[in-house]
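The structure appears below as structure tokens.
Numbering (my numbering), first residue to last: 347 to 444.
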């Protein structure tokens, strides 16, 4: 298993439009979390111009699948997104032993 970070860059009107899609977005996140795929997630603050979501899986497809299913992405609230593998080595949830 590996960690993957999904980085979101929000659209300029994100704050004004997110209310319409927020409950579906959060329910999707809770589904991924319940399956053990989503480890931690949240919006960036000051300014609220992005979000970071940490996934656990065999490959980056778990994070990509979330983005593709996310109503924020589907409805243009996310201007850009990308996934990076994250080699975690220190901490309770670290997956790479050194």
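Just so it is clear, CB atoms sit at the ideal spot from N, CA and C, and this is done for glycine as well. Please read all numbers here as calculations on a predicted model, not as lab measurements.
Three-way DSSP call (helix, strand, coil) for residue i in this model
| i | result |
| --- | --- |
| residue 437 | coil |
| residue 385 | strand |
| residue 391 | coil |
| residue 444 | coil |
Start-to-end residues for the alpha helix (DSSP H) that takes in residue i
| i | result |
| --- | --- |
| residue 373 | 360 to 380 |
| residue 417 | 417 to 420 |
Start and end residues, beta strand (DSSP E) containing residue i
| i | result |
| --- | --- |
| residue 429 | 424 to 432 |
| residue 397 | 396 to 403 |
| residue 348 | 348 to 356 |
Whole-number beta carbon distance between residue j and residue i, since they are thought to touch under 8 Å
| i | j | result |
| --- | --- | --- |
| residue 353 | residue 432 | The pair is not a contact, with the Cβ atoms about 11 Å apart (cut-off 8 Å). |
| residue 364 | residue 423 | 6 Å |
C-beta contact flag for residue i and residue j at 8 Å
| i | j | result |
| --- | --- | --- |
| residue 388 | residue 356 | no |
| residue 401 | residue 350 | yes |
| residue 416 | residue 374 | yes |
Contact set for residue i: own chain, Cβ-Cβ below 8 Å, skip 5 residues either direction
| i | result |
| --- | --- |
| residue 440 | 434 |
| residue 408 | 350, 378, 383, 401, 402 |
Chain-order list of residues whose beta-carbon lies under 7 Å from that of residue i (same chain, five-residue window excluded)
| i | result |
| --- | --- |
| residue 378 | 384, 412 |
Close Cβ partners of residue i (< 6 Å) along its chain, the five nearest in sequence each way excluded
| i | result |
| --- | --- |
| residue 399 | 352, 387 |
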